[in-house]
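Okay, so here's the structure we're looking at.
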Amino acid sequence: MKRDDFSWMIGGVQGSGVDTSANVFAKAAAAGGLSVFGKREYYSNIKGEHSYFQVRVSKDTIRSHVDTVDMLATFEEETIFRHALEVRAEGAIIYDPDQDTKRLDQVPTIEADVRATLNGELAKAGLSPDVRGILELARRRGVHIYPIPYNELLKEVGARFGETSLSTLQRMLNVMAVAASFALVSYDENLVKEALKKQFRAKPKVVEMNVAVVAAAYEYMNQKYAGSFAYKLAPVKVSGETNLFVRGNSTVALAKQLAGCRLQTYYPITPASDESEFLEGHAEIELDGSAAMENPQVGEAVALKGKGNIAVVQSEDEIAAVTMAIGGGFAGVRSSTSTSGPGFSLMAEGLGYAGMNEVPVVVTLYSRGGPSTGLPTRHEQGDLRFALHAGHGEFPRLVLASGDLTEAFYDTVRAFNYSERYQTPVIHIVDKALANSDATIPKFDVNKVKIDRGLLVKGPVTDAVNGEIRRFQMTPSGVSPRPPLGTKGGVYWNTGDEHDPLGHITEDPTNRDMMMDKRMGKIDLADKEIPMDERVNFFGPAAADITLLSWGSTKGAILDAMEWLKEDGILVNFVQVRLINPFPTEYIKGVLAKSKTIVGVEMNYSGQLTGIVRERTCVPVEQLVVKYNGRPMSSEEIYSAVKLISQGKAPKRLVLKNGA
Amino acid sequence: MKRDDFSWMIGGVQGSGVDTSANVFAKAAAAGGLSVFGKREYYSNIKGEHSYFQVRVSKDTIRSHVDTVDMLATFEEETIFRHALEVRAEGAIIYDPDQDTKRLDQVPTIEADVRATLNGELAKAGLSPDVRGILELARRRGVHIYPIPYNELLKEVGARFGETSLSTLQRMLNVMAVAASFALVSYDENLVKEALKKQFRAKPKVVEMNVAVVAAAYEYMNQKYAGSFAYKLAPVKVSGETNLFVRGNSTVALAKQLAGCRLQTYYPITPASDESEFLEGHAEIELDGSAAMENPQVGEAVALKGKGNIAVVQSEDEIAAVTMAIGGGFAGVRSSTSTSGPGFSLMAEGLGYAGMNEVPVVVTLYSRGGPSTGLPTRHEQGDLRFALHAGHGEFPRLVLASGDLTEAFYDTVRAFNYSERYQTPVIHIVDKALANSDATIPKFDVNKVKIDRGLLVKGPVTDAVNGEIRRFQMTPSGVSPRPPLGTKGGVYWNTGDEHDPLGHITEDPTNRDMMMDKRMGKIDLADKEIPMDERVNFFGPAAADITLLSWGSTKGAILDAMEWLKEDGILVNFVQVRLINPFPTEYIKGVLAKSKTIVGVEMNYSGQLTGIVRERTCVPVEQLVVKYNGRPMSSEEIYSAVKLISQGKAPKRLVLKNGA
Amino acid sequence: MALKLSDLKTTAHNDWCPGCGDFGILNAVQMALAEMNVDPSRTVVVSGVGCSSKAPHFIKTYGVHTLHGRALPFASGIKLANPNLEVVVEGGDGDGMGIGAGHFVNSGRRNLDMLYIVHDNEVYGLTKGQASPTMKLGMKTKSLPLPNINQGINPLMLAIASGYTFVARGYSYDVRHLKDLIVKGIRHKGFAFLDVLQPCPTYNDVQTKEYWAGEGHLDTDGKLQPRTYKLEESGYDGVVHNPDEDEMEKKVQQAVLKSFEFGDHTPLGVFYQNEHVPTYEERLASRMPSYKTNPPADQEIAHADGTPLANIDKLLEDMRV
Amino acid sequence: MALKLSDLKTTAHNDWCPGCGDFGILNAVQMALAEMNVDPSRTVVVSGVGCSSKAPHFIKTYGVHTLHGRALPFASGIKLANPNLEVVVEGGDGDGMGIGAGHFVNSGRRNLDMLYIVHDNEVYGLTKGQASPTMKLGMKTKSLPLPNINQGINPLMLAIASGYTFVARGYSYDVRHLKDLIVKGIRHKGFAFLDVLQPCPTYNDVQTKEYWAGEGHLDTDGKLQPRTYKLEESGYDGVVHNPDEDEMEKKVQQAVLKSFEFGDHTPLGVFYQNEHVPTYEERLASRMPSYKTNPPADQEIAHADGTPLANIDKLLEDMRV
Ligand SMILES: Cc1ncc(C[n+]2csc(CCOP(=O)(O)OP(=O)(O)O)c2C)c(N)n1
Ligand SMILES: Cc1ncc(C[n+]2csc(CCOP(=O)(O)OP(=O)(O)O)c2C)c(N)n1
Ligand code: SF4
Ligand code: SF4
Ligand SMILES: [Mg+2]
Ligand SMILES: [Mg+2]
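Protein chains in written order, with our numbering: chain A, 1 to 660; chain B, 661 to 1320; chain C, 1321 to 1641; chain D, 1642 to 1962.
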C-alpha cells in the first residue's frame, strides 16, 4: 500500500477556530487543483472540549480519510497529548514551545482512560508526563518536531497593525498553524493568502492581518527549517472542469432548492439542523430567467411574482415537523424535513399517515451514533432497518442512501421525484460522515437534473361527480391523479382510517383489500420503473475473489482501499446499494451468484444491509466487517481488513476499532 | 371436513346489548361443560353502527371461529340483511316478524357497496328489497326461519312485573334471542338461567325479569317449533379440572397482577385500554397469606403494610406512558404499558432509551389493523417488523407473541422475567384477535408461575467506591447487578448518551465498543438461556408434506384446520414461533430442513415472519397464505388454503378474503 | 352564486350518538361557511382523531382527518404551503389539550391565520368516556368508575397563555350564536381559538344539555336559570382596539380573569381579540417578500421539460474552489 | 451526619461554557440539598436533554439524564413507583416548553410532590442558539440570523394555567435567593415549578448577566438599576393560607397579573403557592389505601422460591364457568 497524498491534522478546543483553519487549509489546497477530503471530530459540547479536523489532500482523486497523520499542527497542549503518537515516522508536529512544561494531569478534558494509557507509555519510556515528554516519545519514533514561537510572531505582526491585545491576536493562532504547515511542504504562499481572502471576504481588515500572519509564518519556517521536511506539496494544473468544495449538509440544501422543495420544517438536532439553517439563510430563490422566453406563462408569473422562496419553519418537535411537512405535501408543495435518529423516532406515526393518504414527503435522515441520544456528534449507520420499518402496519415507502456528496445532491432531487411519482414518503439517509465532511467534488451538472411531479393535477379537476373527487380511485398502476388541496372543481377527503376512493372512512373488507393492494403495489411499480443505475453502483471487475457489499458513506473509503488492493494484486469488486427499498433483489442475486467471498461492510453492530440481503435474496453473507465505535471507517482499515480476509485470517465478524 | 360443533351468531346495533347476549350464550354453554370460542366484530364507533358476535361451542376443544353460521339470532333488521345469507343450508334464523316490511334502503349504516350487492341478488331472485325478501332468499337456500313475537312476549313478562315501559322491556330483547336459540337446540334451560344470574349478579331484580324472559322464550319456541331443528346441543360431563371463560385483555391483566407488575401506564386506545381498566378496577391486590409462615420478614411486611397494589396511571400520551413506565423500571418496580399501533409508534424513542440504560420495561402491544389509524377495531398482524426495529440505532430487545389466551397469560409473566433478567425492554405482541376474543380455557396453573428478577439488588450496595456505584460494570455475562434508584450505599447515573460504568457520558471509542458489546451481547445470552419450549411450539408429525409456519393468533385456526386436514389424510405439521427475538434460528433451520412445502401463514400483507425466517435462516419460504382485510382467519379458510396448496393449485401468494 | 347550507353537506354516513352535541357544532360550522359564502374547494377542514374529529367527513369542503393530537401541525403545514386557503381546525379536548397540548401551546406562538374549534365534552368520547384534560378534579361521570384523579385545565386561560390572538367560547346547542363566533373566528386575522361546550350524552352525565339549560339551578321564582350567558350582552369588550401595549395587556388580564367564571355562571362569546399582532404569514413575508406574492403552493418549480426553474448558479459560485 | 456541599459534587468533567448561568443553578441546587441534609441515595435528579440537562452528572445523588422533552414523565414514573424518593427535575426551556410542552401542561394536572427547575436562557443552547419558546417575538440574539419569528410564552402564566401548586422565579446569579427558592420548592407539598433566569453568554447577548444587573437601565442618579426585584421584599404574598376557594382564586389571579411584569422590573420569588390541593400520591392513596403504606417500590412480589406473592384466586373464581 503506497499512499501518494498528504494527511494533515489540526486540533484545538471547541470554539477556538479549528474549523476555520481546516477550511482555510482545504481551500488553499483545492485552489491549487488538489483533491481534498476533510473529516471533523468533535464532542457533543459547545465550548471547551477537544475537537480536531483531518484534511487529506492529493493530486489524485481521494474520497476518504486515513488513520495515518503526516503532519500535526497544534497550538495548545491537548492536541499534542491526544494526537502526537498518531503521527507516522518521518511525519511532522508543529507546536508552540511555550507549552513544553504543560502537564497531562492539567488537562481536565482528557478522559481518565486516555490519560492512564498515555501516562503508562510515558512512564515505560522513562519520560515526564508533559508536552516535552510526549514530544520526545514521538521524536524517538522518528517524528520531526517543529517548534514555532506563535505569540512572539503574532506580537510582531500586531505591532505593525497597532493591535496589542493578545487575545485578539491569538484568534489568528489557527491561521499561523496552517501557514506554518504549508511552509514546511513548500506550498505556494499565494494560494494560502487567496484562501484567506475568500474565507474572510466580508472583513478586509481581518484579511489584511491574517495575510501578514501567513507571511510571517512562512518567513520563520523557511528560515529555520527550509528543506528539513521531505514531502513537498505542489499545486497541479486545474483542468477545464471546475470543482466545488462542499459540505454534505449544504449539498443537500442546494439540491432541495433546485428540486423545488418549498416547505422545509425542522426541529434543531445535530447533525441535521445545519441544512435547514443553510436553507433559511437562502430562503429567497433566484428563478431561471430563460423561463420567460421559453414559456410565456411561466415568464409572466416570474415577472409578476418575483422570486421563488422556501418557507423554512422551526417546529416545536419532530412530530410537528413531519406532520407539517405532510400538510405541505397535501397542498401540492414539495415538502421535506431533516432530522437525525431521535427526531426520526418521533416521526414514525406521521410516516404511516403519509403512506396511508398517499402524500409525497421527503425525510432526510442524517444518521448519527445511536441508540438513544447515543453519540450525537459521532458516526454510525445504525438506522437502516428502522428506516425500512418505522411506523406500525404496512405502507409503501422508498428508502435511499447516498454514498458521497455528489450522490447526496442528485439523490435529494430523486427523493422528491420518487415521492411525487409514487405519492408516498421517501426517506433519504445521509450518514453523519457525509453530513459533516467537506470535500472537493466536480461541479454539479444542473442540466442533468429533471423534475418529475408524477400525476400531480394542475388546474381545475373536470371529472368530479357531484362536486366530489375520487382522489383514491383505482387505476391500473395503483397511482391516482393527485389534485392538491385547494384545487378547484371539487373536493375530497383524507383520513388515517382505511377509506374509499373519495377518502371517506370505510371498514368494508373488499375495499380494504383493494386499497392495500393499491398502496403496496406502488413499491412493485417503483421496482419496475426505477432504472438500475439509480439504485446500485458496481465497481471493479465483473468477477473477483472478494465482493464487498455496502451502502452509504463507506463508499469513499472502500473505493480508496480498492486502489491499494489492486496494487497488491487482490481482485475485489464492490456493490453499493443506494435504493434499499424497493430492493434491487434480482440484480443483487445476479451479482452475488458470481461472487466467491461476499463481505458485508457496514458502520453498525449487526450488519443491517447484510440482513436485508439475506432476507431478499436468501444468499448467506458470511463475512462481516463492521465498526460501531462512533468513528468512520478509514480506507486503511478497509484495506487491511480485506487483506486479512483474502489471507483467510479474518474472523467471520471483523470489528474495526480505529479512530480517536 | 366434518364440523361437530355449533356456530351461533347474534347481531345488533352497537350499544344494544349484543355483547351481553353473546356473553350469556357463551357462559351458559360453558357452564354445560362445552368448549366455547367467541369472536366479536364492530366498527370504530360508539353507538349506532352494526356489530356482531359469533360464538362457537363444541364438546371437543375448539380454538377458532368458522365462516359458517349454523344459527343466526336477530332482533332488528340490519343483522338480517347483513348475515342472513351467511347461514348454511339447514341452518336457522330467529327473527322478529315485526321487521318483515323493513326495507334495505332504510338502513343508512349499511355501506353502499354491500347494499348494491344485496339489491342485485334480491332482484335476480325476483324478491323485494326488504326483510321478507332476504329471508325468502335464505329459505330457498334451505335455511329454516323462526319468527318470534319479541314485543308481545316481553309485554306479557312485563305485565307480571308491573313493568310497562317498552324501552325498558326491550333491553331484554337480546336475552330473549339467546333463550330462543337455546330452546331450538333443546339446551338445558336451567343452565341459561344460571348464566343470567352470574351475568347480572349485582342486580337481583334484573335477574328475575330476565329469568322470566328465558322461560317465556323457551315456552314459546317449544310450543311452536319443538323438534323442527335437527341439531341438539347437550351439556357434557365436566371433568374434575375447572375451566375459565376469559377474554384476552383480562387474561393479560391478571397475569400482570401475578407477575408483580406494580406500575401500569396507559393512554386510552382500542383494543388495549380494556386491560388497563381491568387493572384499575382491581388495583389493590390480595397477598398470599402463606407468605407469613414461610418467610417471617415477608409475613411481617404483609401484616404491617396490608395489601399490594398497582398504580395505574392514565398519561397524556404514549410517549409519557412509556417513559413513565421506564421511570418505574428505574425505581425497581416491574412496570409496563399497553397500547396498540399508533401508540406504539410514539414509543420508539423511549424504547431505545430503556435499551441504552438497561432498564426492564414491558410493552404489551395489541396489534390491530393498520397502517395509521387504519381499522381500529379490526384484526391484523402488521406490527411484527416494526416491533423488531422500532427506535433508531441498535439496542437489545426481546419480542414475543402469544398464540392463544393461555399463552398470553404465561407469556405476560415471562415478559417481565425476561425484561429483568436481561435488563432491557420486552415487547409482548397480543393481536387484536386475542385481545377481544372470549374462550373457555383450562384454569391457569398459578403454581407453574415463577418470578425471576435477574440481578436485581435488594438492600444496600456494599461495593460502592467513593459513594459511586458501577451500575454498568462489565461482567462475563454482560448483565450487571442492578440496584434500583433509591438503593442505599451509593449513587450512580443514567443517560441516553453513551456512558461509562458509572453512567456518566463518555465518547471514548474503546468504552463505546465495550458497552455496545455488553448490551447487544445480552440477546445472545438470552438465545442461549431461554429454553426452546418457551420459544417455539411444534405441532403434528415430525415429518410432513406441508409445514405451516406462523405466529400469534392464527394458532387456533391452524390447529382446528389441522384436525380436518388429518381426516382428509393430508400430512401437515406446524411451527409456531413465539419468541421472535432472539430468534430460534437453529431450531427453525432444523425443522425447515426436514420440510417439503413450507407455508408462511400470516395476517398481514407481506408475510413479515416469513421475511424474518429468510433473513435468519436463508431458507426461502416460497408459499404464503396471507390475509389483510381486517378480519381474522377462520379455520375453514386455512383448511381450504392448505388443501389447495396440497393439490398444487394455489398461487404462491394466496390471499384469504372471508369475513364481514 | 350564493352557497346554500345543503351544498355543504355530504352523503357520508354520520355515526355520532343520538343527541350528541357534535351535531350542533357541525351545523354551526356549515352555517358559518354558507354565510361567508366560502369557496368549498378553497376551504379545508382539518381534524385530529376522536368522535368530533370525524366532522370533516360531513362537511363538503376539502377534509383532512389526521392523527390523534396532530391536527394543528398538519393544518399549519397546509396553511404555510398555501396561505390563500381558508383553514378551519376541529377536534376534541383530549386531542387538543391532552396528547396535543404541546402543539396547542406552540401553535399559539405562531399566530397563523386559522381558526381552531375544540369540541369540549370533558371526556375522551371515542375511547369510551375516560376523563379529558378539561374535566375538573373529583368529577365523576357515568363512564368513570372513580372520580377524576387529575385537575382540569381552563382551556381559555391556556390559550391566552399560549398567545392565541382570539379566544372565545361557544355552546353547541346555541347554534346561531356559535355560528356567529365561528364567522368571527374565521374573519379574525391571526390564530383564533374557540372552545365549545359540547354535551356528550353517552358518557358525560354531568355537563348535559339540561345542566347548561339550568337543571337544578333555579332562580327565586323556581324558574330554570341557564348556566351560560353572553359576554356581549354583559357589556364585556374583549377586543384590543389600538396597537397599544397597555391596552393589550389590560385586555389580556381582563380575559384571564373572565376565564375563571365557569359552572353556574359560564360566559359565552369573545374573551379576547387582538389583530395587532402580526400573523406568521406576515412575519415570513417580512423576511422574504416573495412569500406574499408567490407563496409555495403558487410557485412553478420546473420548466415544461422538467428542468428546474430555480437558478442556483450564485450559490454554486460561492462554493467554487 | 450533616451533608457538606462537597459531598454533593462529582468528579464528572463539567463542559459548560465559561460564564454560563448553569453554574449558578448547579451551586444553588447543591446548597439546597446540603442545607436540607437530604440522603443522596434517596434523592434523584432527573433531566431532559440540553446544556442544562447535563446537570445531574455534576450532582452526587442518583442522576437520570433522560430524553429531550421527557424529563417530566420519566420523573413522574420514578416518583409514582417510589413516592418516598426526593425527586428534583431540571431542564432547559426548549426541553420543557418546546418539545416538552405537552408534558408540562399535563404534569401540572397531576400535582405529584416534586420540584421542576427550568433553566430559562431563551435559547436552545446545545444545538447552537436557536430561539426557545420563552424568547419574545422580534428579539434578536447573536445566534439568530434574523429576529425571532415566534411569540414567546410567559412560563409562569403557563404553569399557573396548567395547575402547578407552587410557581416561582429565581435568577442564577442570585445563588442564595435561588437556593432558598429551591428549598421551598422541595418542601412544598405538590408539584413546584421554578423558572430560573439563566444567562447564556455564548448565544444570548440580550439577557446577559449585565442586563439583569441593570446595564443601560440607570436611575436618575445614573446608577445601575437592577432589572430584578424580590417579591418578598415588595410585600407580595403568593401563599394560599386556607383551604378556601375564594382565597385560592384570588391568589391565582394575583399571580397571573404579577407574571406579566418582565423586563425592566422582573419579580423574583414565589408567585403562588397552594398546599390545599391534594397531591397525586394522596389521590392514589384515597383510591387504594395500601399505596401509602406499601408503595410499589416497597412491595415484595415473590416468595423466596420465586412463586408469586399475589393471590389471584378470587379473580379467577369470577372467571370460572
Ligand atoms: C396515538 C393515538 N393514541 C390513542 C388513540 C386512541 N384515541 C382515539 S380517539 C381518542 C380520544 C378522543 O377524545 P377527544 O379528543 O376528547 O375527542 P372526542 O371523542 O371526545 O370527541 C383516543 C385516545 C389514537 N387514535 N392515537
Ligand atoms: C428528539 C430530539 N430532538 C432534538 C434533539 C436535539 N437537541 C438537543 S438539546 C436541544 C435543545 C436544548 O435547548 P434547551 O432545552 O433550552 O436547553 P439548553 O441547551 O438551552 O440548556 C435539542 C433540540 C434531541 N436531543 N432529541
Ligand atoms: S360518545 Fe359522546 S361525543 Fe362521541 S358521538 Fe357519542 S355522544 Fe358524541
Ligand atoms: S451554550 Fe449557553 S447554555 Fe450552553 S453551556 Fe454554553 S453558555 Fe451555557
Ligand atoms: Mg372529548
Ligand atoms: Mg434553553
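Each residue gets a CB set at the ideal place from its N, CA and C atoms; glycine is no exception.
8 Å contact criterion, which residue i and residue j should meet: CB distance rounded
i      : j      : result
B/Y806 : B/F735 : Between B/F735 and B/Y806 the Cβ distance is about 12 Å, and since that is not below 8 Å, they are no contact.
Residues that residue i contacts on chain A, provided the C-beta gap is smaller than 8 Å
i       : result
C/T1447 : Going along chain A, no residue has its Cβ under 8 Å from C/T1447, so there is no contact; the nearest lies around 15 Å.
First and last residue of the uninterrupted beta strand (DSSP E) at residue i
i       : result
A/E41   : S35 to Y42
B/Q924  : L923 to Y926
A/F6    : F6 to V13
D/Y1812 : F1807 to Y1812
A/H428  : P425 to D431
A/L400  : L398 to A401
Per-residue contacts from residue i into chain C (C-beta, under 7 Å)
i      : result
A/F245 : M1639 and V1641
A/E156 : The premise fails here: A/E156 is roughly 32 Å from chain C at the closest Cβ pair, so nothing lies under 7 Å.
Below-8 Å beta-carbon distance, residue i vs any chain F residue
i      : result
A/P476 : Protein chains A, B, C and D are contained in the structure displayed, whereas chain F is not.
Cross-chain neighbours of residue i in chain B, by beta carbon under 8 Å
i      : result
A/D383 : H1052 and G1053
Where the alpha helix (DSSP H) through residue i begins and ends
i       : result
B/G908  : G908 to A919
A/G343  : G341 to S345
B/H1049 : L1044 to H1049
A/F416  : L405 to R421
Chain D residues whose Cβ lies nearer than 9 Å to that of residue i
i       : result
C/N1470 : N1747, R1750, R1751, N1752, G1804, Y1921 and R1924
Proximal chain B residues relative to residue i, where beta-carbon distance stays under 7 Å
i       : result
C/Y1444 : P928
C/P1546 : Neighbours of C/P1546 on chain B: none; closest Cβ ~27 Å, over 7 Å.
Proximal chain A residues relative to residue i, where beta-carbon distance stays under 7 Å
i       : result
B/S1266 : E394
Item to check | Continuous alpha helix (DSSP H) assignments of at least 4 residues falling wholly in the stretch 1325-1404 of chain C | outcome: 1342-1355 and 1391-1401, all fully within the stretch 1325-1404 of chain C.
Checklist entry - Hey, which unbroken runs of the alpha helix (DSSP H) at 4 residues or more fall wholly within the stretch 554-589 of chain A? => result With a minimum length of 4 residues, the unbroken runs of alpha helix (DSSP H) contained wholly in the stretch 554-589 of chain A fall at 554-567.
Item to check | 3-residue-minimum beta strand (DSSP E) runs that sit fully inside the stretch 1397-1460 of chain C, ordered along the chain | outcome: DSSP runs (the beta strand (DSSP E)) wholly in the stretch 1397-1460 of chain C: 1406-1412 and 1435-1440.
Checklist entry - In the stretch 249-275 of chain A, which residues sit with their C-beta less than 8 Å from some C-beta in chain D, listed in chain order? => result Taking a C-beta cut-off of 8 Å against chain D, the contacting residues of the stretch 249-275 of chain A are Y267, P268, I269, T270 and S273, listed in chain order.
Checklist entry - Just by C-beta distance, which residues in the stretch 1340-1373 of chain C are closer than 8 Å to chain B? => result Taking 8 Å as the Cβ-Cβ cut-off, the stretch 1340-1373 of chain C approaches chain B at V1369 and C1371, given in chain order.
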